[in-house]
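Worksheet: one structure, shown below.
Residue numbers (the numbering used here): 207 to 525.
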């Protein structure tokens, strides 16, 4: 065996590595794989389902979906063999997420509906099962969102937020909820959610992400002073994670373009392109290149009209 304290430290180290940075995901994958290759004792075997699920998560982030599925299947089998229903549910949610990422939304939906029912039944007996229930609901919201069933996505996200026991996950759900509200035209409610996250998000990454979204909203709404304020706040951060930095320069570049500030727009978009090329953020690269070719606007955009709330929105608008 690896020695009890040592192997728990190894897994804790891997958890730190699988945060927000692509370079560290590769390292996290190696740490989990090394642990799994050497797990021998009963104690170590108890940690295998969770380590396999984390390995699946990291591989998903690295875009290696077949390898992620293999890790989740190992997690499900290992959990079944030791009667670990909690980690079996977590791994099933991960496996369903891969099905969604492959684009088979009906299959993902069917899997998640069964997982959510199972997790609900367990959470009635054990409060600890609220966490896999929340993850299932959150993932189910993504499926609804991708099928453009926004009201349905909103309802699942709201329930996920209430079920999460982990602050960081709850904040992720609030961030997604804000996005859906904005997409539904409830910009004020969405902005309120983002302002809450900017002030009180449980990690710097979440606070920065919320601020970048607020920059985007201020630009589209023609609020130049607000745009400037949020942009300055982000410019003051010494080191941003690459993905957030790329999104920041993209949104700031678009904002300058909308406010008719051509030179500043070109500079910001050039930085977005540079970071996106370096880290292979293809989606951001395409958007930044398109915006670089787009005309600088002489005047402000018309403001977005806000929609009257529907019942689903009214339920969640107070978070």
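Even for Gly, the Cβ is constructed at its ideal location relative to N, Cα and C.
None of these values were measured; they are calculated from a predicted model.
Helix, strand or coil for residue i, going by three-state DSSP, please let me know.
{"i": "residue 361", "result": "helix"}
{"i": "residue 445", "result": "coil"}
{"i": "residue 245", "result": "coil"}
{"i": "residue 293", "result": "helix"}
{"i": "residue 310", "result": "coil"}
{"i": "residue 396", "result": "helix"}
{"i": "residue 492", "result": "helix"}
{"i": "residue 251", "result": "helix"}
{"i": "residue 433", "result": "helix"}
{"i": "residue 468", "result": "helix"}
{"i": "residue 457", "result": "helix"}
{"i": "residue 288", "result": "coil"}
{"i": "residue 385", "result": "helix"}
{"i": "residue 477", "result": "helix"}
{"i": "residue 353", "result": "coil"}
{"i": "residue 411", "result": "helix"}
{"i": "residue 270", "result": "coil"}
{"i": "residue 300", "result": "helix"}
{"i": "residue 507", "result": "Residue placement at residue 507 is flagged as unreliable, the pLDDT there being 49, under the threshold of 50; the coordinate-derived value follows with that caveat. Reduced to three states, the DSSP call for residue 507 is coil."}
{"i": "residue 220", "result": "Below a pLDDT of 50, predicted positions are generally treated as unreliable, and residue 220, at 48, falls in that range; no measurement from the model is reported."}
{"i": "residue 240", "result": "helix"}
{"i": "residue 370", "result": "coil"}
{"i": "residue 486", "result": "coil"}
{"i": "residue 342", "result": "helix"}
To the nearest angstrom, how far is the alpha carbon of residue i from that of residue j?
{"i": "residue 270", "j": "residue 504", "result": "44 Å"}
{"i": "residue 233", "j": "residue 281", "result": "20 Å"}
{"i": "residue 451", "j": "residue 256", "result": "31 Å"}
{"i": "residue 433", "j": "residue 283", "result": "50 Å"}
{"i": "residue 272", "j": "residue 231", "result": "17 Å"}
{"i": "residue 312", "j": "residue 350", "result": "10 Å"}
{"i": "residue 220", "j": "residue 465", "result": "Bear in mind that the predicted position of residue 220 carries a pLDDT of just 48, short of 50, making it too unreliable to give a figure here."}
{"i": "residue 258", "j": "residue 346", "result": "22 Å"}
{"i": "residue 413", "j": "residue 387", "result": "18 Å"}
{"i": "residue 368", "j": "residue 469", "result": "45 Å"}
{"i": "residue 343", "j": "residue 315", "result": "11 Å"}
{"i": "residue 443", "j": "residue 474", "result": "16 Å"}
{"i": "residue 385", "j": "residue 424", "result": "14 Å"}
{"i": "residue 236", "j": "residue 248", "result": "22 Å"}
{"i": "residue 431", "j": "residue 438", "result": "11 Å"}
{"i": "residue 366", "j": "residue 331", "result": "18 Å"}
{"i": "residue 498", "j": "residue 354", "result": "29 Å"}
{"i": "residue 441", "j": "residue 458", "result": "10 Å"}
{"i": "residue 253", "j": "residue 243", "result": "12 Å"}
Given residue i, which residues of its chain have a CB within under 6 Å of its CB, disregarding the five upstream and five downstream residues?
{"i": "residue 274", "result": "262, 265, 266 and 304"}
{"i": "residue 370", "result": "340 and 376"}
{"i": "residue 398", "result": "none"}
{"i": "residue 170", "result": "Summary: the structure shown does not reach residue 170, with the chain confined to residues 207 through 525, and so no result is reported for it."}
{"i": "residue 379", "result": "344, 363, 366 and 367"}
Might you give, ordered along the chain, the residues of its own chain that have their beta carbon closer than 7 Å to the beta carbon of residue i, omitting 5 neighbours on each side?
{"i": "residue 159", "result": "A query on residue 159 cannot be resolved here, the shown segment of the chain reaching from 207 to 525 and no further."}
{"i": "residue 416", "result": "381, 400, 403, 404 and 407"}
{"i": "residue 182", "result": "Past the boundaries of the shown model lies residue 182; the chain is included only from 207 to 525, so the question cannot be answered."}
{"i": "residue 507", "result": "Any reading at residue 507 must be qualified, since the residue scores a pLDDT of 49, below 50, and its modelled position is unreliable; the value itself is stated next. So the list reads 426, 428 and 464, once near-sequence residues are dropped."}
{"i": "residue 502", "result": "463, 466, 468 and 471"}
{"i": "residue 290", "result": "255"}
{"i": "residue 453", "result": "418 and 490"}
{"i": "residue 409", "result": "374"}
{"i": "residue 299", "result": "321, 338, 341, 342 and 345"}
Is residue i near residue j, with beta carbons less than 8 Å apart?
{"i": "residue 348", "j": "residue 306", "result": "yes"}
{"i": "residue 477", "j": "residue 471", "result": "no"}
{"i": "residue 421", "j": "residue 396", "result": "no"}
{"i": "residue 487", "j": "residue 436", "result": "no"}
{"i": "residue 383", "j": "residue 364", "result": "yes"}
{"i": "residue 302", "j": "residue 318", "result": "yes"}
{"i": "residue 276", "j": "residue 285", "result": "no"}
{"i": "residue 456", "j": "residue 500", "result": "no"}
{"i": "residue 337", "j": "residue 373", "result": "no"}
{"i": "residue 241", "j": "residue 288", "result": "no"}
{"i": "residue 334", "j": "residue 292", "result": "yes"}
Along the chain, where does the alpha helix (DSSP H) that runs through residue i open and close?
{"i": "residue 332", "result": "Per DSSP, residue 332 belongs to no alpha helix (DSSP H) and is neither H nor E."}
{"i": "residue 503", "result": "It is not in any alpha helix (DSSP H) - residue 503 carries neither H nor E in the DSSP assignment."}
{"i": "residue 427", "result": "Residue 427 -> no alpha helix (DSSP H), and no H or E assigned at all."}
If I measure Cβ to Cβ from residue i and keep anything under 8 Å in the same chain, skipping five residues before and after, which residues do I get?
{"i": "residue 224", "result": "The pLDDT assigned to residue 224 is 48, lower than 50, so where the model puts this residue is not dependable; a value taken from the coordinates is nonetheless given after this. Excluding positions up to five away in sequence, the list reads 230, 231, 234, 260, 263, 264 and 267."}
{"i": "residue 445", "result": "none"}
{"i": "residue 308", "result": "271"}
{"i": "residue 356", "result": "350, 386, 389 and 390"}
{"i": "residue 485", "result": "228, 448, 449 and 452"}
{"i": "residue 239", "result": "261"}
Please tell me whether, using a cut-off of 7 Å, the distance from the CB of residue i to the nearest non-hydrogen atom of the ligand PLP is below it.
{"i": "residue 360", "result": "No copy of the ligand PLP appears in this structure; indeed no ligand is present at all."}
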